[in-house]
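Scroll down for the structure; my scribbles are underneath it.
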C-alpha cells in the first residue's frame, strides 16, 4: 500500500510593514533635510548671480571706478556704471538674506525637535539624553550662524552703496578713486558746513552709512529683548524644579541665567555703538575712509 506523501510546506511570507513615520519623526527629519539643503545654498545661490560682466565676487574694481565718476559728476544720481554695481550688490544681499531666513527657521525648528526628544528621554537617564542634546546644540549653533548672516545681509540690502564703501580705499594712492576719497575725508573733517558744500555723493555716503548701522541697531535691540525674555524664563524654570532649600535653587538657576543675561549685555553694548553711528555717521565714515570701519 503506497505511503501518502506529505504536502509541501507553504512558502513563508514575510509580512510587509506599511506603517508611516511617526509625526514626531517628521518633526526632526523635515527640518534636518531643510538645514542640509539650505546651509550650502546660503553660499552657492547668491554667488551665482550675474549682471552682464559683473560678478559679485569681483565688484571692488568697478565700484572704485564708478565711485570716482560719481564724485566728480556733482549729481545726486548714480552714474550708469555705479548704478549697475549697486543694483547687483543689492540683489546679492537680498537673495542671501532670504536663504538665511529660511535656514534660521529650519534650524530653530530642528533645535526645538531635539529638545523635545531630550525631554522625553529624561526618564531614561543622562546617557539617553546625550544624542538629542548634542543635536540641539548643533542645530542651535546653525541657528546663530543663520541669524548673523541674516542681519549682515539685511544691512547690505538696506544700504548696498554704503556696504561697498570699504572697498573704495583699496589700492591706496594709486587707486582711481584716491582723489575722491581724499576730498571726501577733507569735507568730513570740515564739519557740517563743509558737508553741505561737498558734492552730493557725500550726502549719499553719510545717509547710507547711518542706515547701515540703523539696521544693526534694530537687530541688537530685538536680540536683547529676546534674550531678556529667555533669561527670565530660564530663571523661573530652574527655580520651579528645585525641591530642596532656597540656596540650592539659586545654585541651579545661576548657570542658565548668566548665559542669556551676558548676551543681553553684549547686545546692548552693540546697540549703543551703532546708535552713535546712526545719529552721527561722520566720525565712523571718516574712520572707514582711512582704512577702518
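Residue numbers (my numbering): 1 to 293. Beta carbons: idealized from backbone N, C-alpha and C, even for Gly.
Along the alpha helix (DSSP H) that carries residue i, what are the first and last residues, could you check?
i           : result
residue 120 : 80-120
residue 66  : 60-73
residue 182 : 178-189
residue 163 : 160-164
residue 193 : 192-197
residue 286 : 281-289
Could you check which residue in the options has the C-alpha nearest to that of residue i?
i           : options               : result
residue 184 : 221, 282 and 48       : 282
residue 35  : 201, 190, 138 and 78  : 138
residue 31  : 207, 93 and 110       : 110
residue 279 : 201, 211 and 167      : 211
residue 209 : 190, 159, 198 and 62  : 159
residue 70  : 192, 204, 41 and 59   : 204
residue 61  : 222, 169 and 187      : 169
residue 217 : 274, 26, 87 and 200   : 274
residue 261 : 145, 232 and 272      : 232
residue 165 : 25, 89, 271 and 265   : 89
residue 76  : 207, 50, 100 and 141  : 207
residue 114 : 234, 102 and 129      : 129
residue 148 : 84, 50, 192 and 101   : 101
residue 230 : 219, 215, 263 and 220 : 263
residue 44  : 120, 193, 173 and 93  : 93
residue 48  : 28, 265 and 91        : 91
Which term fits residue i, buried or exposed, when burial requires 16 or more other beta carbons within 10 angstroms of its beta carbon?
i           : result
residue 163 : buried
residue 74  : exposed
residue 175 : buried
residue 53  : exposed
residue 284 : buried
residue 38  : buried
residue 117 : buried
residue 187 : buried
residue 197 : exposed
residue 199 : buried
residue 258 : exposed
residue 135 : buried
residue 287 : exposed
residue 66  : buried
residue 291 : exposed
residue 99  : buried
residue 245 : At residue 245, the pLDDT of 48 sits below 50, so the modelled position is not reliable; the number obtained from the coordinates is stated separately. Exposed, because fewer than 16 other Cβ atoms sit within 10 Å of the Cβ of residue 245.
residue 269 : exposed
residue 33  : exposed
Rounded to whole angstroms, how far is the Cβ of residue i from the Cβ of residue j, which I believe are closer than 8 Å?
i           : j           : result
residue 213 : residue 153 : About 15 Å; that fails the 8 Å criterion.
residue 289 : residue 181 : 6 Å
residue 56  : residue 46  : 7 Å
residue 167 : residue 64  : 7 Å
residue 223 : residue 267 : 4 Å
residue 104 : residue 143 : 6 Å
residue 42  : residue 96  : 6 Å
residue 84  : residue 51  : 6 Å
residue 108 : residue 161 : Actually they are not in contact, since the Cβ atoms of residue 108 and residue 161 sit about 32 Å apart, beyond 8 Å.
With a cut-off of 9 Å, does the C-beta of residue i fall near any C-beta of chain B?
i           : result
residue 202 : Considering every chain present, this structure includes no chain B. It has just one protein chain.
In the DSSP output, what is residue i paired with across the bridge?
i          : result
residue 54 : 51
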